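Participant: Take a look at the following structure, please.
Residue numbers (the working numbering): 910 to 1001.
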C-alpha cells in the first residue's frame, strides 16, 4: 500500500473544502449563510496559496477578499430591509 504524503492529503482536504463551500454559496437560500460560506471558500483558497509558498498572495487574499469583500457583503445583508419583516416605523 502506497503512503500518501501529508501535502497531498492537505491539498485534497482544502480542495474539497473550497469546492464544497463554493457550491454552498450558490445553493444556500439564506444570504447570511451564503456570505459565511464565501468566507470559508476564500480562506481555503488562501491556504492553497500558503501551500504553494506564495505567502504574500495569501495575505492579500485574506486582507482584500476576506477582510474587504466579505465585510461589504455583511454590511449589505445587515442594512437591506427584508420583505415581510416587521416594519421598523411601526415599532417606534
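The beta-carbon is built from N, C-alpha and C at its ideal position, and this holds for glycine as well.
Since the structure is predicted, the reported quantities are computational estimates derived from the model, not experimental observations.
Once the 5 residues before and after residue 954 are set aside, which same chain residues still bring their CB inside 7 Å of it?
Facilitator: Along the chain shown, one-based indexing puts residue 954 at 45. Within the same chain, residue 954 has close Cβ partners 927 and 970.
Participant: Roughly how many angstroms lie between the CA atoms of residue 977 and residue 984, to the nearest whole one?
Facilitator: Position 68 of the chain shown, counted from the start, is the residue given in the question as residue 977. Position 75 of the chain shown, counted from the start, is the residue given in the question as residue 984. Residue 977 and residue 984: Cα-Cα distance of roughly 11 Å.
Participant: Over what stretch of residues does the alpha helix (DSSP H) that includes residue 972 continue unbroken?
Facilitator: Working through the chain shown from its first residue, we reach residue 972 at position 63. Note, residue 972: premise wrong, no alpha helix (DSSP H); not H, not E.
Participant: Around the C-beta of residue 921, are 16 or more other C-beta atoms found within 10 angstroms, so that it is buried, or is it exposed?
Facilitator: As a first step, residue 921 is located in the chain shown; it is residue number 12 there, counting from the start. Counting Cβ neighbours within 10 Å, residue 921 comes out exposed, since fewer than 16 surround it.
Participant: In the DSSP assignment, the alpha helix (DSSP H) including residue 932 goes from what residue to what residue?
Facilitator: Start at 1 with the first residue of the chain shown, and residue 932 comes out as number 23. Its alpha helix (DSSP H) spans residues 915-936.
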